[in-house]
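Everything on this sheet refers to the single structure shown next.
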Amino acid sequence: MNEDPRPAPARPISADAETVSQDDVDVDTYRILEPDGSYDAERLPDLDDETFRELYRWMVLQRVFDNRATKLQRRGKLGTYASGRGQEASIIGSAFALSDQDRIFPYGREAGTLLIHGLSMRDLLLYWRGLEDASRMDGANSFGVAISIGSHVPVVTGTAWGMKLDDADSVAFANLGDGATSTGAFHEGINFAGVLDAPAVFFTQNNQYAISLPFEEQTAADTVAQKALGYGIDGIRVDGNDVLAVYNAVLTARENAMDGTPTLVEAVTYRRAAHTTSDDPSRYRERSEVEEWEKQDPLERYREFLQSEGLFEAIDEEAVREEIDEMFDDAVAAADEFAERDVREIFEHLHEEMPPELRRQLSEYEELLDERPDMYEHIEQRPKG
Amino acid sequence: MNEDPRPAPARPISADAETVSQDDVDVDTYRILEPDGSYDAERLPDLDDETFRELYRWMVLQRVFDNRATKLQRRGKLGTYASGRGQEASIIGSAFALSDQDRIFPYGREAGTLLIHGLSMRDLLLYWRGLEDASRMDGANSFGVAISIGSHVPVVTGTAWGMKLDDADSVAFANLGDGATSTGAFHEGINFAGVLDAPAVFFTQNNQYAISLPFEEQTAADTVAQKALGYGIDGIRVDGNDVLAVYNAVLTARENAMDGTPTLVEAVTYRRAAHTTSDDPSRYRERSEVEEWEKQDPLERYREFLQSEGLFEAIDEEAVREEIDEMFDDAVAAADEFAERDVREIFEHLHEEMPPELRRQLSEYEELLDERPDMYEHIEQRPKG
Amino acid sequence: MQATIIEAINDALHEEMATDDRTLVFGQDVAESGGVFRATEGLQETFGGDRVLDTPLSEIAIVGAAIGLATYGYRPVAEIQFSGFLPPAFDQLVTNASRIRWRTRGELTAPMTVRTPYGAGVRALEHHSESLEAVYSHIPGLKVAVPSTPHDAKGMLISAIRDPDPVLFMEPKHVYRSFREEVPDGTYTEPLGEAAVRREGEDVTVIAWGAMMHKTREAVDNLDGIDVELIDLRSISPLDRETVVRSVKKTGRCVVVHEAPKSGGFAGELIATINDEALMFLEAPVERVTGFDVPVPLLAMEDFYIPQPPRIEEAITETVNY
Amino acid sequence: MQATIIEAINDALHEEMATDDRTLVFGQDVAESGGVFRATEGLQETFGGDRVLDTPLSEIAIVGAAIGLATYGYRPVAEIQFSGFLPPAFDQLVTNASRIRWRTRGELTAPMTVRTPYGAGVRALEHHSESLEAVYSHIPGLKVAVPSTPHDAKGMLISAIRDPDPVLFMEPKHVYRSFREEVPDGTYTEPLGEAAVRREGEDVTVIAWGAMMHKTREAVDNLDGIDVELIDLRSISPLDRETVVRSVKKTGRCVVVHEAPKSGGFAGELIATINDEALMFLEAPVERVTGFDVPVPLLAMEDFYIPQPPRIEEAITETVNY
Ligand SMILES: Cc1ncc(C[n+]2csc(CCOP(=O)(O)OP(=O)(O)O)c2C)c(N)n1
Ligand SMILES: Cc1ncc(C[n+]2csc(CCOP(=O)(O)OP(=O)(O)O)c2C)c(N)n1
Ligand SMILES: [Mg+2]
Ligand SMILES: [Mg+2]
């Protein structure tokens, strides 16, 4: 055996193995409403007029809720808040495509989705005030918010698997951001869903940023949708500022999923607000970029459509906004009235039956709180803002 | 706001969003030597005759080493062993495409790769005898074997990143199995490599199984190579039983990588042996399937090529095998002579400087071993087989 | 029947699959091939491919999917092939499994079991020999069980599967097949959270679990004239503090044996518990006989690492003679 | 200069980047935006995009790439944005970072630092408040450091970056900005593996680290007539057993304060150490003042969870009066 049999590849030896690359695949962006106001009538979803209008009202609600919540946070009356501004079409369009039986796995920005699916506005505010009790998701068929980015994806697969075993008429629906697509949990969860033919929809709101990191620097892939190819499932890329297109895309994905093809939807949109109320986007992006996207406002685009269809006349936008403002005021009032929490709350609901050591920790602590009322000088039951 | 504004999607509303799927992309399998003995002369790598022959000798070496190591294990003289039988073209072809400057990240089956790149046969045997000292990888530019499947992939990316920063004429080269492609580490590592334009080659030996799980059940994707599209990098699918094609594919990948496009190579091959010496493949696959692949033997295919080119005459296969057998015998003898290990060895090399507590543990233990020679009744310094 | 630990586990899985058809078994190589240790042998034949499934090489997805199934009403029993491959899924345990009940205030729960063989001594490759029970014991909301006998393996596994909350079930693979004992047919449970006193004694309390129970028993049997109280901890979390404390109050002396490295190992929690409630009864420091603060050596040297009976004997003798 | 902890960290990074051009800084949002806590502010401007880089949302890849760089000769300083997001990378720490020197018998080493803000009290969302130092302390080959002052933050971070082996550097984000102190300009190091005695005393040893040092100091300051010896542990691993033992031998009493849940928390290792070497000096059980065995509550209730000064005071008083 020759001691060093290798030719030195540093002297390049011409090699010609064919490569496959993303240039070999076309990923179209599905759209119904063009930014110029025209639309593809063939593609219009088959909704009644009132539902067309409801879509609009809910987008307004998302916008107003985000504005109000952000202000509430500035006044120190809410914890960190993550706004969906700019993503209303993605948030509301997808929510409308889901049924009550579908289990939603939220990721944080989708106020409207949770409210549409039954969560009360008070509870949503309480969630952002950091009250465990709100994550109960009362009224909604929803998992807890996946604050650990991407961590819900394999869980979605498990729930979808259960639905498949039950032959249920439903899907497990993940909301996630572009940032989540870089996580190992995303990969393992979706790949496994593909193997299982699980009825799961992985709805990625590609809002172009993971905090400060633009999509182009998160991955060398041109789109999120093409990542579906690595899993042998279907991908849909949709204009995320076109509420009707999103609605159709998620409906399609949902049908696919129930037919055994999990689907990865990429809604191309833009996060116009700061990442959260703790973030200062001027550190990493130009105002002009935001302005470009403001021109693509999802509410405006949809309003134009409604107007051109004569559907908008029945909407009194002023009144809608007032109604939402009132709902919000009521919700804040209700949240404010929510009783101070008892310390027991942080000991409960971890186990079906509290283990002895934890019971002891609780009772010792209760005693201490009695004996040392000055403990309360260190305990503030509210957000600091 | 309508309390329940959603249309019931259970009544299917026709939706038509276009999907992208793996049917939209063609992934060809690169090949030079056809199973029928013909070959594509255009594609032949530009190697001198002796190198063509060395390729063959090394494939034989891989085959013989696997056989002998497996037998050694059966006699209780080696720990669990993982054979590369059937994958010789992938193992040797890829190894020949690498330079000494490239850092190899092995995954276990590639005896030949490590030997070609400077590891002694004795040390390789000692590794399989479970001696830490052998993982030093003396002589080879190699990381430790990634026994935790996929765990090396992000590490490969880091090393490639370092090479890029150094403007080095080298790549980081990962050997991995199809099974590894299901791990989160694979995803995060390769995606990040794509972002970094890191000179990394991810060489996947798709031997059709992850222990008992056939490739079709590991992922719904038809190929490993197409997974490159999700990362915006290049993929190459190559016939892993064609040593010349593998050689060219890895050369291509290496050049791509050094030009800033990390490349995922899928070598389509077959694990003809059991997963390891502890495995019984009859539990999960038919003998007939193995026989089908035996017909595609990489050594035979390459021998035919050498014969048809008149290159084989200078090879005395008998003598080659004898030479390898002798090398193996010598290596076993040298391994047998390797001194019994001192207990200090398990305390050393974890920290540059041993922390006080560990020093104490060691000295107390040395004392105990002195005082209680019966400890050695419980300590066997050899594989049980 | 007479059964080894691995047979008892297999039996428990058969029993629970038959009892509750929402029980599912999945993991790498568990279905078609019956598991690398044969723990799941025969399940797929009996209960079908829908309920017994091979998964991809995806520890995150295995544990994550178990959470998704459990919160949806199933009773998943997931296998992680070796506990050295559980760390990739650590986040799913911490972030989701252990706290989904908490996060949703009891609306969603995760009645799931993750089975995994742990520990050294089977001459395997790197990462096949770890014992990270101390790590998992520190995650609130996660139960950690480690049986040491066939009887317990079966009864505790059935308890784990029926438990309303997530249980990490660590199996002492070193003694999977080393002995048989009588294991009742049919269904029975052994409680989680309760230690077992294997031998009553007056001189010293010796605590071990899993594979170390057997090394420890061997040591105890070798010791003439020392009246050992031997506790099989069985549950790492929740910890049966009462049994430990009661025993140490009686004996005034204690030795803890575990395979994991000493620093940060679970002996620390045991000693802290004794300190809390029985300090003034102690007549000698509690001794720790543990793995060293190094990774488990590869197979050639692993016997050096494992606490062997003479080491345990010395520690017991020293503690008694302190 | 007068600096907060976060400023001291930023300064340390600037110093080391300037001193050793093989030092790299990367992580989520560290470059363009200077880090969510501004720890890395100004680095990219000064040292360029090649050495200061934003990474994708990939904790496995961040830690994995650090290992790849370190074993290739670089000195990576990776940031994990919150320690609650380190669990996805747990496997890289266990499987590669902590043992590559061991695995290759010193041929390859991983001189890398993983910085991560830990702990509760900043009113953040779920998973932003954890303290898992006990878990990481149990991984042989991984150092774990937790500074509590600006001076130490700078000196220890420089030590961590220069350390020939991997260091997990946990930063007490709750006190990132809560006070300034004099921090020397230029380069200096504070050793890893050495605790600091912050206050000498005769009555009782109180041990804390990181953010809990400040709650503890507040408690100690409130206690009239008790002469406390206050130890800032600083290094969780390797543990400075000597300083702890020497102090407890002197005082005969000890209280340990940490934020993490009690069960399986690092107090266990400290108590075990005291048990090993100073048991007979103890006049009272070592008290633990810790988080409860639950996840850190969301922001509305987190103050309940955190060990507050009155709790610490009670424990000290009880221990002294035992
Ligand atoms: C596993 C994990 N790592 C880091 C973080 C910190 N973090 C919070 S949001 C975020 C970016 C998320 O980006 P994306 O998924 O695109 O969602 P978006 O916020 O843009 O809607 C990061 C890095 C986290 N929450 N979880
Ligand atoms: C993270 C991890 N999970 C599980 C295992 C157990 N295991 C060892 S090899 C193997 C299959 C590997 O398959 P593949 O990557 O295709 O490589 P091959 O053995 O086929 O060459 C498994 C599951 C492991 N070593 N690491
Ligand atoms: Mg985003
Ligand atoms: Mg394979």
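Chains as they are written, first to last, in my numbering: chain B, 2 to 386; chain E, 2 to 386; chain S, 3 to 324; chain R, 3 to 324.
C-beta atoms are modelled at their ideal positions from N, C-alpha and C, and glycine is treated no differently.
No experiment lies behind these values; they were computed from the predicted model shown.
Check	Outcome
What residues from the stretch 270-286 of chain S come within 7 Å of chain R, judged by C-beta to C-beta, listed N to C?	270, 271, 273, 274, 277, 278, 281 and 284
Examine ligand 5 and report whether any of its heavy atoms sits within less than 7 Å of the Cβ of residue 180 of chain E.	The ligand content of the structure shown is limited to ligand 1, ligand 2, ligand 3 and ligand 4, which means ligand 5 is not among them.
Would the stretch 93-106 of chain B count as touching the stretch 174-184 of chain B if we require 3 or more Cβ pairs under 8 Å?	yes
May I have the straight-line CA-CA distance separating residue 111 of chain B from residue 319 of chain B, to the nearest angstrom?	23 Å
Using the DSSP secondary-structure output, state which residues sit across from residue 145 of chain R in a beta bridge.	R:169
Measure the alpha-carbon distance for residue 315 of chain R versus residue 221 of chain R and round it to whole angstroms.	5 Å
Can you give me the Cβ contacts of residue 32 of chain S inside the same chain, cut-off strictly under 6 Å, excluding the 5 residues immediately before and after it?	42 and 81
Which residues bound the beta strand (DSSP E) around residue 120 of chain R?	115-120
Please classify residue 277 of chain R: is it buried, with 16 or more other beta-carbons within 10 angstroms of its beta-carbon, or exposed?	buried
So which residues of chain E does residue 94 of chain R contact, with C-beta pairs closer than 9 Å?	152, 155, 156 and 186
So which residues on chain B does residue 189 of chain E lean against when the C-beta distance must stay under 8 Å?	183, 184, 185 and 188
Measuring CB to CB, does residue 126 of chain S end up less than 8 Å from residue 112 of chain S?	no
What would DSSP say about residue 183 of chain S, mapped onto helix, strand or coil?	strand
I'd like the list of long-range same chain contacts for residue 110 of chain R, defined as Cβ closer than 6 Å, with 5 residues on each side in sequence excluded.	73 and 102
Any C-beta of chain R sitting closer than 8 Å to the C-beta of residue 245 of chain S?	no
Between which two residues does the alpha helix (DSSP H) harbouring residue 12 of chain S extend?	7-21
Given the structure, does residue 86 of chain B come close to ligand 3, in the sense that its CB is under 7 Å from one of the ligand's heavy atoms?	no
Counting only runs of 4+ residues fully inside the stretch 262-301 of chain S, write out the alpha helix (DSSP H) ranges in chain order.	269-280
Please state whether the Cβ-Cβ distance between residue 212 of chain R and residue 150 of chain R is less than 8 Å.	yes
Alpha carbon to alpha carbon, what distance is there between residue 170 of chain B and residue 12 of chain E?	Because the pLDDT of residue 12 of chain E is 39, which lies under 50, any placement of that residue in the model is unreliable, and the number read from its coordinates should be weighed accordingly. If you take the alpha carbons of residue 12 of chain E and residue 170 of chain B, they lie about 11 Å apart.
Below 8 Å CB to CB, which residues in the same chain sit around residue 195 of chain B once its five sequence neighbours on both sides are set aside?	232, 233, 234 and 263
If contact is defined by three or more beta carbon pairs under 8 Å, each pair taking one atom from either stretch, is the stretch 236-244 of chain E in contact with the stretch 155-162 of chain E?	no
With distances taken Cα to Cα, identify the nearest neighbour of residue 275 of chain R among S:3, S:270 and S:47.	S:270
Which residue marks the beginning of the beta strand (DSSP E) containing residue 207 of chain E, and which one marks its end?	201-207
Does the beta-carbon of residue 207 of chain B have 16 or more other beta-carbons within 10 angstroms, so that it is buried, or is it exposed?	buried
In chain S, which residues lie with their C-beta within 7 Å of the C-beta of residue 97 of chain R?	89 and 129
Extract the residue ranges of the alpha helix (DSSP H) inside the stretch 148-212 of chain E, only unbroken runs of 4 or more that lie entirely within it.	154-167 and 185-197
Which residues bound the beta strand (DSSP E) around residue 78 of chain R?	77-81
How many whole angstroms separate the CB atoms of residue 114 of chain B and residue 269 of chain B, which I take to be in contact at a CB cut-off of 8 Å?	At roughly 18 Å, the Cβ-Cβ gap does not stay under 8 Å, so residue 114 of chain B and residue 269 of chain B are not in contact.
CB of residue 272 of chain E to nearest heavy atom of ligand 4: below 7 Å?	yes
Which same chain residues end up closer than 7 Å to residue 18 of chain S when comparing Cβ atoms and leaving out the 5 residues on each side of it in sequence?	25, 160 and 163
Over the uninterrupted alpha helix (DSSP H) stretch that includes residue 336 of chain E, give me the two end residues.	318-338
Give the interface partners of residue 118 of chain E over in chain S, defined as CB-CB distance under 7 Å, in chain order.	Residues of chain S passing the Cβ test: none, with the nearest at roughly 20 Å.
As a quick exercise: from B:83, B:252 and B:63, pick the residue whose alpha carbon is nearest that of residue 275 of chain B.	B:83
Name the two residues that bound the continuous alpha helix (DSSP H) containing residue 358 of chain E.	357-372
According to the neighbour-count rule (16 or more other Cβ atoms, all chains shown, within 10 Å of its Cβ), is residue 68 of chain R buried or exposed?	buried
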